[in-house]
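Visitor: Sharing a structure below in structure tokens format, with a few things to ask.
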Amino acid sequence: MGGLWKNLKKAFTLQADDSGSNFITFKVKCDRCGEEIIAKVRKSSDISRIGIEEGPRNAEFFLRKEIIGEKCNNLIYIKVYFGYGYTVISREISGGKFVE
43 MGGLWKNLKK
53 AFTLQADDSG
63 SNFITFKVKC
73 DRCGEEIIAK
83 VRKSSDISRI
93 GIEEGPRNAE
103 FFLRKEIIGE
113 KCNNLIYIKV
123 YFGYGYTVIS
133 REISGGKFVE
């Protein structure tokens with residue numbers, strides 16, 4: 043029974059470092075209260091393909107996301123351009139800071 047439970051838990055747990063994952067994880071810190079927030083975005087629905095003339099050179103995908111934590115009502119806005127393989131080409135943030 044323990045093996046079944048482990049397999050179920052593994053199937054329903056998001057792995058941020060999983061290269062085959064359908065999610066990309068960003069960690070941000072709120073400018074107002076200092077809360078660190080982990081935002082997971084789905085590649086298949088949160089990220090959009092961009093046109094040839096949009097964004098920085100070699101950009102293929104775009105993300106615009108609003109993030110709010112649990113401690114305060116400060117909205118954090120991120121804008122990210124991705125290249126091939128969802129590598130980050132450029133990113134901007136307001137209302138917070140990216141945490142490496």
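Numbering (our numbering) for the sequence shown: 43 to 142.
We put the CB at the ideal spot given by N, CA and C, even for glycine.
(1) Here's the rule I'm using: 16 or more other beta-carbon atoms within 10 Å means buried, otherwise exposed. How should V141 be labelled?
(2) Measuring only the C-alpha atoms, how far is C72 from N116?
(3) Out of curiosity, what's the CA-to-CA distance linking N100 and F65?
(4) From the DSSP secondary-structure annotation, give me the bridge partner or partners of G138.
(5) Count the other CB atoms, across all protein chains shown, that sit within 10 Å of the CB of Y126; report buried if there are 16 or more and exposed otherwise.
(6) Please return the same chain residues whose Cβ sits closer than 6 Å to the Cβ of I135, not counting the five positions on each side in sequence.
(7) For Y128, which residues does DSSP report across the bridge?
(8) Return yes when the Cβ of G138 is within less than 9 Å of the Cβ of V83, no when it is not.
Guide: In short, the structure shows the following:
(1) exposed
(2) 7 Å
(3) 21 Å
(4) Under DSSP, the beta-bridge partners assigned to G138 are C72.
(5) exposed
(6) I120
(7) Y128 pairs with nothing; no bridge assigned.
(8) no
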